[in-house]
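Per the working numbering, the very first residue in the sequence shown carries number 12; after that it's consecutive.
Here is the structure we will look at, set down as structure tokens.
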Amino acid sequence: MTTHVPGGRWLAAAIVCLMAWQPAHAAKSPDEERAEIRETSAKVLERLYKIEPGAREAIAEAAGYAVFSNFGTKILVVGGGAGKGLAVDRKTGAATFMKMVELQTGLGFGVKKFQLVWVFATKSALDGFVDSGWEFGGQVTAAAQYEGEGAATQGALSVSPGVWLYQLTEDGLALELTVKGTKYYRDDDLN
């Protein structure tokens, strides 16, 4: 018995297009990629500090942080994205290079570019992110909460106890985050 997936051909074509459209990093050496990720991360942090000055204090007081630069596309009923970044242990200064992949479903068309800055209040939260990765299944929507929160995390989204997330778009700081089928994991090629 064969199962027919409605729009399966469109889905397959969209996935092939997404895979072909992703930026090619094969021409860069691992050292060049690491340098590029560090430079991009520094620029993202400086942009965040200009938009939300309290973020500097939140990161300075945290056990660690992670910065990702992401690119996503959506064509008809399927979309996806990919990104690279690094997680930093504030105490030791150790950096772990990481990747991000995202899968979306639902009608739409477009291209988006955004940056994420994760802030980990505890070493265990940072270690869990680096060692086990992070995965959002289905759809999770979080909204920035200002009441009862410290000024340092204003503008950040609480995604888990002791874990805060800033999302920067071309328009500035996003006050709502929608995550659909997103996974963060260690980049074995760069570590």
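For glycine and all other residues, C-beta sits at the position ideal for the given N, C-alpha and C.
Option nearest residue i by Cα separation, candidates the options
i, options, result
"Q126", "A69, A93, A105 and S143", "A93"
"D199", "E63, W129, G96 and L137", "G96"
"T103", "Y60, L137, W175 and G90", "L137"
"T180", "G139, G90, E113 and V55", "V55"
"L184", "L114, I70, P172 and I62", "I62"
"A105", "L114, E113 and K134", "K134"
Same chain only: Cβ atoms within 7 Å of residue i, ignoring 5 sequence neighbours per side
i, result
"E158", "Here the model assigns E158 a pLDDT of 39, short of 50, so the residue's position is not dependable, and the following value carries that caveat. Cβ within range, chain order: n/a, list empty."
"A162", "Residue placement at A162 is poorly supported in this model, since its pLDDT is 42, which falls under 50; the coordinates still yield a value, given next. Correct list, in chain order: G65."
"L201", "P41, E44, R45 and F108"
"E57", "none"
"I70", "Y76 and V130"
"I48", "K95, G96, L97 and F108"
Beta-bridge partners of residue i, as assigned by DSSP
i, result
"E146", "K194"
"D100", "G75"
"K95", "S80 and K110"
"F131", "G75 and V174"
"F125", "N81"
"T180", "G183"
C-beta contact flag for residue i and residue j at 9 Å
i, j, result
"A167", "A74", "no"
"S248", "S80", "The structure shown does not extend to residue 248, since the chain is modelled only from 12 through 202, so no value can be given for it."
"R197", "M109", "yes"
"K194", "G139", "no"
Residues near residue i in its chain [Cβ-Cβ closer than 6 Å; skip 5 each side]
i, result
"V128", "L59, V78 and Y177"
"D100", "G75"
"R67", "Y60"
Integer Cβ distance of residue i from residue j, believed to fall under 8 Å
i, j, result
"A98", "V141", "5 Å"
"E113", "G192", "6 Å"
Nonlocal neighbours in the same chain, by C-beta distance under 8 Å from residue i, ignoring five residues either side
i, result
"V174", "W129, V130, F131, A132, A136 and F140"
"E146", "T193, K194 and Y195"
"D182", "none"
C-beta neighbour in chain C for residue i, strict 9 Å
i, result
"D42", "Of the chains in the structure shown, none is chain C; there is only one protein chain."
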